[in-house]
Amino acid sequence: MNHKLNEQTTPFMPTRGVIRSIIPMAADNMLFQITVNGSGLPNCLPGQFVQLWVPGVGESPISVCSGHVGSTLELMVRKVGRVTSALFQMQEGDWVGLRGPYGHGFPMNSLEGKDICLIAGGLGVAPIRSVWQYILDHREKYGRVVLIYGMRHSVDLLFRQEFALLHRRRDMDVFIAAEELLGPALPPVSVQLGRVTDMINLADLEGNFEVAVCGPPVMYKYVVAELKKKNIPESKIWLSLERHMKCGIGKCGHCFIGGALTCQAGPVFNLTDLRLLPEVIECA
Amino acid sequence: MSQSLLLKKTDFSIFFQTLKSLGKFFAPVRVSEQSFSFKEIETEAQIAWEALRTILPPKKFFYPPSETLVEYSGNEIREVKPEMNFQVLFGVHPCDLAGLGIMDTIFEAGPADTHYLQRRKESLIIGLSCMPDKYCFCKSMGTSCATKGYDIFLTDLGDAFFVQVETPRGIESLENCRQIFTSVSETDKDNYKDYWERRDKAFTNGFEPDNLRATMDMEWNNEIWDELGKRCLSCGNCTPVCPTCYCFDLVDIASLNGDSGSRVREWDSCQFVGFAQVAGDYNFRPTPVDRLKFWYRHKLHGFDDPYGFKTCVGCGRCTVSCPAGIDDLVDVVKKLQGQRESRNDSSEAGGENESQIK
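Top to bottom, those sequences are chains E and D. The first sequence begins at 1 in the numbering used here and counts up by one. The second sequence begins at 1001 in the numbering used here and counts up by one.
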């Protein structure tokens, strides 16, 4: 055991961050830009998450959705619970607590040289955004890039301005689909009627593709089935799973899947690893 | 290497007084006709020597049911360090020592839980031998002989204790009463071996543990879980009483005006309905069946891969404390093993395994 324990800080100690800007995106979704003082947090890798603390209310695990972090990180938050509701009451200049980044993200190093297919459903676009931003920062290291993003209603589209720019790029194929086209048209982003699986079917995935997926739990088995039709082996499919990661450091037990802690072994898992765990409701 | 010594029971008072002078002294005390609890004591006479399992295991001394980790006020956040008083924990049996060893591994794993480790460092643990009752099955779990988690271990040889000192802290704690210890004779060693042989034969409860890993994997979809789940009350009794259940919740307690408050860690239970629920109300373990079999698997197989040990230590507390009478872990394992054997006898043994892998 360590003999300098008294000098060590508990890993549950948050770092202070200040909300720099709050950008409304779609109904009940806002992008929070948060600046952390000085040495604050280490850089986040795509797919990692932080524990966001609203003092007096609680912590919530939130994916970091920006690829290049520095002292400011971006969190896309949907108002779904107590902590996020309280966060939505906060204003620019207010302070919050942050711990992290935690978990294993997408294996960006071992994906170098490969073609990359990114698949996002709904709010799952947040961690996937950190991947495409990372890839675009290191574009020469990766092959073809296909980005597929699906949502229920077209008005739920997040990062619309950014997608408008991505659509114009020639070095990636972008497919956006909504199950229902609601509200005004969304130029200059073209949203097709359909599901994520329809877009996988449309996309040209011939090549040496590795696939990164993040979406609601119900989406995965359909995505995996569609990828199989495209002859993508399971060892090339990386899934970011959602569980209640309450502590983030492998102690509180809330995010167990069988004997694996999502906050430590995940949240990004290779599909072949998940085949060895019970309780993975995402994969049929 | 541990140091072996002999302590005559007539000299135990001196040993007790010496240890008591080191800090707060805790030992099992009888708190009702059938139950015992680790409590701070003043006199040797308060020790319940006959105690087998206390209501709560000794984890509560290092990992209290509720503790404040962080406080904030205005713009300031500060850590609340644990209050440190040296504590002597006396009369801890092998199952609970194994439990502490497991808790140590989990809380030491990076990033380490400094509050737990600080309390652990400020304590002296004295183990004590015991004869099993009808609920004990530490022998099946391989935890019947203490190997870690203690500083000193006492084996009851009738008129004397065979004392094994395992750590430098243990050696140090005996310095002021060294005169009451003698070196062990060949006869003492024989008596020691006899004691543990007798104890080994005294077990009436248990199961064959060799195939646990395979059993828990193969029987994940066994109908026994549905039967047990129907009767489970999701009360969560089985988890606080378990020497290795460490799951917790982190909650904020704010002052009325909201300017200050604290973050508090509280024991939680995987048997509670909201344990695996995420925002938006999606629940990854919505039914008692889901939660009960997760707990069983976690105890009997869950940590084979990350840590290489099982997290059940065979103390029998879950069985004793289950109000629905379904947490007879030994009985459940035997049923699962029985099903496995009968299925292997039939020619269609392979079918069930395949469907599990998919």
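We put the beta carbon where it would ideally sit given N, CA and C, even for glycine. No experiment lies behind these values; they were computed from the predicted model shown.
- For PHE209(E), the three-state secondary structure derived from DSSP is strand.
- When DSSP reads this structure, VAL1332(D) sits in no beta bridge, so it has no partner.
- Around the beta carbon of ASN1085(D), a 10 Å sphere encloses fewer than 16 other beta carbons of the protein chains shown; the residue is thus reported as exposed.
- In this structure ALA1160(D) is buried. Its beta-carbon is surrounded by 16 or more other beta-carbon atoms within 10 angstroms.
- Out of ASP156(E), LEU98(E), SER110(E) and MET108(E), the CA that lies nearest to the CA of MET30(E) is found in ASP156(E).
- Note on geometry: alpha-carbon atoms of ARG144(E) and THR1319(D) lie some 58 Å from one another.
- Going by C-alpha positions, ARG160(E) is about 38 Å away from LYS251(E).
- Inclusion of HIS1301(D) and ARG1213(D) in the CB contact set at 7 Å is warranted, their separation being smaller than that value.
- In the three-state reduction of the DSSP assignment, THR15(E) falls in the strand class.
- With a cutoff of 7 Å on beta-carbon distance, ILE1014(D) and ILE1180(D) are scored as near each other.
- Interface with chain E (7 Å Cβ-Cβ cutoff): PRO1209(D) is excluded.
- With respect to chain E, the C-beta atom of LEU1300(D) has no partner C-beta closer than 7 Å.
- For GLY266(E), the closest Cβ of chain D is not nearer than 7 Å.
- A Cβ-Cβ contact shorter than 7 Å links VAL125(E) with LEU158(E).
- Comparing C-alpha distances from GLY215(E) to each of GLU282(E), GLY58(E) and ILE34(E) shows the shortest one belongs to GLU282(E).
- ILE1253(D) has its alpha-carbon roughly 27 Å from the corresponding atom of SER21(E).
- A buried status is given to GLY1316(D), since no fewer than 16 other beta-carbon atoms sit within 10 Å of its beta-carbon.
- Per DSSP, the continuous beta strand (DSSP E) segment holding GLY1261(D) begins and ends at 1260–1267.
- When only Cα atoms are considered, LEU1006(D) and GLN1164(D) end up about 9 Å apart.
- For VAL218(E), the closest alpha carbon among the candidates PRO233(E), PRO188(E), VAL96(E) and VAL196(E) is that of VAL196(E).
- Interface flag for PHE12(E) against chain D is set, since a Cβ pair is found closer than 7 Å.
- Of the candidates SER1269(D), PHE1107(D), PHE1207(D) and ARG1285(D), the residue whose Cα lies closest to the Cα of ARG243(E) is ARG1285(D).
- The alpha-carbon separation between SER1037(D) and VAL1289(D) amounts to approximately 31 Å.
- Within 10 angstroms of the beta-carbon of LYS236(E) lie 16 or more other beta-carbons, which makes it buried.
- At a cut-off of 7 Å between beta-carbon atoms, GLN89(E) makes no contact with chain D.
- Look at GLY56(E): its C-beta is under 7 Å from a C-beta on chain D.
- At least 7 Å separates the CB of LEU1256(D) from every CB of chain E.
- In this structure, the beta-carbon distance from PRO1094(D) to ALA1051(D) does not fall below 7 Å.
- If you look at ALA225(E), you'll find it in the alpha helix (DSSP H) that goes 220–229.
- When LYS230(E), THR72(E), GLY113(E) and TYR102(E) are compared, the shortest CA-CA separation from LEU202(E) is found for LYS230(E).
- Across the structure, VAL80(E) and PHE88(E) are spaced so that their CA atoms are roughly 10 Å apart.
- In this structure, GLY1229(D) sits near LEU1292(D), with a CB-CB distance shorter than 7 Å.
- Note that the segment 48–67 of chain E touches the segment 125–137 of chain E; at least 3 beta-carbon pairs, one per stretch, sit closer than 8 Å.
- One Cα belongs to GLY1325(D), the other to PHE1309(D), and the distance between them is close to 27 Å.
- Just measuring C-alpha positions, the residue of ASP1104(D), ILE1077(D) and SER1002(D) sitting nearest LYS1059(D) is ASP1104(D).
- For VAL1241(D), none of the residues of chain E pass the 7 Å Cβ criterion, the least Cβ distance being about 16 Å.
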